[in-house]
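Scroll down for the structure; my scribbles are underneath it.
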Amino acid sequence: DGGITQSPKYLFRKEGQNVTLSCEQNLNHDAMYWYRQDPGQGLRLIYYSQIVNDFQKGDIAEGYSVSREKKESFPLTVTSAQKNPTAFYLCASSMLGDEQYFGPGTRLTVT
Amino acid sequence: AQSVTQLGSHVSVSEGALVLLRCNYSSSVPPYLFWYVQYPNQGLQLLLKYTTGATLVKGINGFEAEFKKSETSFHLTKPSAHMSDAAEYFCAVSGNTNAGKSTFGDGTTLTVKP
Numbered sequence: 001d002g003g004i005t006q007s008p009k010y011l012f013r014k015e016g017q018n019v020t021l022s023c024e025q026n027l028n029h030d031a032m033y034w035y036r037q038d039p040g041q042g043l044r045l046i047y048y049s050q051i052v053n054d055f056q057k058g059d060i061a062e063g064y065s066v067s068r069e070k071k072e073s074f075p076l077t078v079t080s081a082q083k084n085p086t087a088f089y090l091c092a093s094s095m096l097g098d099e100q101y102f103g104p105g106t107r108l109t110v111t
Numbered sequence: 001a002q003s004v005t006q007l008g009s010h011v012s013v014s015e016g017a018l019v020l021l022r023c024n025y026s027s028s029v030p031p032y033l034f035w036y037v038q039y040p041n042q043g044l045q046l047l048l049k050y051t052t053g054a055t056l057v058k059g060i061n062g063f064e065a066e067f068k069k070s071e072t073s074f075h076l077t078k079p080s081a082h083m084s085d086a087a088e089y090f091c092a093v094s095g096n097t098n099a100g101k102s103t104f105g106d107g108t109t110l111t112v113k114p
């Protein structure tokens with residue numbers, strides 16, 4: 001089955017540690033995205049990529065980093081520079097301009 | 001430039017009543033418009049989309065939306081609410097020249113009362 005996967009579902013880290021969230025898709029989509037969602041708030045775009053080896057900052061990129069070495073994969077690293085990293089993180093993919101397919105999300109808790 | 005405004009962050013209806021969730025957009029190019037649904041602790045799922053052609057779009061779970069260019073609106077409706085419709089709903093716009101990046105509204109939480 002084609003789809004987009006994120007792992008793990010729940011992630012716990014200590015403050016000051018970097019953590020990498022996984023996102024994989026087998027839909028052959030060119031574009032991939034990372035969003036952050038906080039309680040009662042909508043989606044905020046962190047980074048997006050339209051093509052392999054290229055990516056752009058979204059609205060809240062500070063404290064995050066990404067890579068796009070393969071079309072299928074778009075991992076997100078939450079660095080220790082991110083002031084408030086506890087949130088629900090969603091990955092998505094799409095053909096350019098078309099609907100986005102979302103993964104199930106990773107809930108990150110940093111204490 | 002593109003933007004989306006969802007009127008009403010919370011909407012409450014009785015089971016069996018009409019559901020109406022409002023969405024207005026702005027776009028400098030002909031828009032593609034989408035409605036997504038999100039259940040707690042899950043990702044978003046596409047309900048329906050408008051790209052070109054027929055302005056009344058039917059989606060899954062009995063939802064539909066009408067693209068009204070003159071009003072720059074894309075409101076989501078369902079004739080009769082079910083308890084299972086309780087969720088958060090997001091409207092989104094993309095311009096097919098904007099590298100596929102959609103802009104999402106802030107979301108509307110739908111509550112269905114028995």
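Chains G and D, in that order, give the protein sequences.
Its first residue numbered 1, the first sequence is counted upward by one per residue in my numbering.
Its first residue numbered 1, the second sequence is counted upward by one per residue in my numbering.
Think of the CB as a built atom: it goes at the ideal place given N, C-alpha and C, for glycine as much as any other residue.
Next on the checklist: Using beta carbons (cut-off 8 Å, strictly below), is Leu21 (chain D) in contact with chain G?
Outcome noted: Walking along the second sequence from the start, residue 21 (chain D) turns up at place 21. Put simply, the CB of Leu21 (chain D) is far from chain G, with every gap to its CB atoms at 8 Å or more.
Checklist entry - Out of curiosity, what's the CA-to-CA distance linking Leu11 (chain G) and Gln45 (chain D)? => result Position 11 of the first sequence, counted from the start, is the residue given in the question as residue 11 (chain G). Position 45 of the second sequence, counted from the start, is the residue given in the question as residue 45 (chain D). Rounded to the nearest angstrom, the two C-alpha atoms are 23 Å apart.
Checklist entry - Which same chain residues, not among the five before or five after Ser14 (chain D), have their C-beta less than 6 Å away from its C-beta? => result Mapped onto the second sequence, residue 14 (chain D) falls at position 14. The beta carbon of Ser14 (chain D) sits closer than 6 Å to the beta carbons of Lys113 from its chain, once the five residues preceding and following it are set aside; these are given in chain order.
Item to check | Any beta strand (DSSP E) of 3 or more consecutive residues that is wholly inside the stretch 26 to 110 of chain G | outcome: Listed in chain order, they are 31 to 37, 43 to 51, 54 to 57, 64 to 66, 76 to 78, 87 to 94, 106 to 110.
Item to check | Residues near Lys57 (chain G) in its chain [Cβ-Cβ closer than 7 Å; skip 5 each side] | outcome: For this step, residue 57 (chain G) is matched to residue 57 along the first sequence. Correct list, in chain order: Tyr47.
Checklist entry - Any idea which residues DSSP pairs Ala92 (chain D) with across the strands? => result Within the second sequence, the letter at position 92 stands for residue 92 (chain D). Per DSSP, D:Phe34, D:Phe104.
Checklist entry - Which whole-angstrom value is the C-beta distance of Thr77 (chain D) and Ser12 (chain D), which I expect to be below 8 Å? => result The residue given as residue 77 (chain D) occupies position 77 in the second sequence. The residue given as residue 12 (chain D) occupies position 12 in the second sequence. That belief does not hold up - the Cβ atoms of Thr77 (chain D) and Ser12 (chain D) are roughly 16 Å apart, past 8 Å.
Item to check | Under 8 Å between C-beta atoms of Glu93 (chain G) and Met32 (chain G) | outcome: On the first sequence, residue 93 (chain G) is found 93 positions in, with the first residue counted as 1. On the first sequence, residue 32 (chain G) is found 32 positions in, with the first residue counted as 1. Residue identity differs from the one stated: residue 93 (chain G) is Ser in this sequence, not Glu. For the 8 Å CB-CB criterion, Ser93 (chain G) and Met32 (chain G) form a contact.
Item to check | Own chain partners of Asp59 (chain G) with C-beta closer than 6 Å, once the 5 adjacent residues on each side are dropped | outcome: Within the first sequence, residue 59 (chain G) is the residue found at index 59, counting from 1. So the list reads Arg44, Leu45, once near-sequence residues are dropped.
Next on the checklist: Pop quiz: Glu24 (chain G) and Ser73 (chain G) are said to be a contact at Cβ under 8 Å. What is the actual Cβ separation, rounded to whole angstroms?
Outcome noted: The residue labelled residue 24 (chain G) in the question sits at position 24 within the first sequence. The residue labelled residue 73 (chain G) in the question sits at position 73 within the first sequence. Sure, about 5 Å apart at Cβ, within 8 Å.
Checklist entry - Taking a cut of 9 Å between CB atoms, which residues from the stretch 30 to 44 of chain D lie near chain G? => result Those would be Tyr32, Phe34, Tyr36, Gln38, Asn41, Gln42, Gly43, Leu44, in chain order.
Next on the checklist: Using a Cβ-Cβ distance cut-off of 8 Å, determine whether Asp106 (chain D) contacts chain G.
Outcome noted: Position 106 of the second sequence, counting from 1, holds the residue named residue 106 (chain D). Put simply, the CB of Asp106 (chain D) is near chain G, with a gap under 8 Å to one of its CB atoms.
Checklist entry - Is Phe74 (chain D) close to chain G, meaning its C-beta is less than 8 Å from at least one C-beta of that chain? => result Mapped onto the second sequence, residue 74 (chain D) falls at position 74. No - not a single Cβ of chain G is within 8 Å of the one on Phe74 (chain D).
Next on the checklist: If contacts are defined as beta-carbon pairs under 8 Å, then Gly105 (chain D) and Val4 (chain D) qualify, I think. What distance do you get, rounded to the angstrom?
Outcome noted: Within the second sequence, the letter at position 105 stands for residue 105 (chain D). Within the second sequence, the letter at position 4 stands for residue 4 (chain D). 4 Å between Cβ atoms; contact.
Checklist entry - Alpha carbon to alpha carbon, what distance is there between Gln38 (chain D) and Leu90 (chain G)? => result Within the first sequence, residue 90 (chain G) is the residue found at index 90, counting from 1. Within the second sequence, residue 38 (chain D) is the residue found at index 38, counting from 1. About 11 Å.
Item to check | Bridge-paired residues (DSSP) for Gln6 (chain G) | outcome: For the purposes of this step, residue 6 (chain G) is taken as the residue at position 6 of the first sequence. Note: Gln6 (chain G) sits in a beta bridge opposite G:Cys23.
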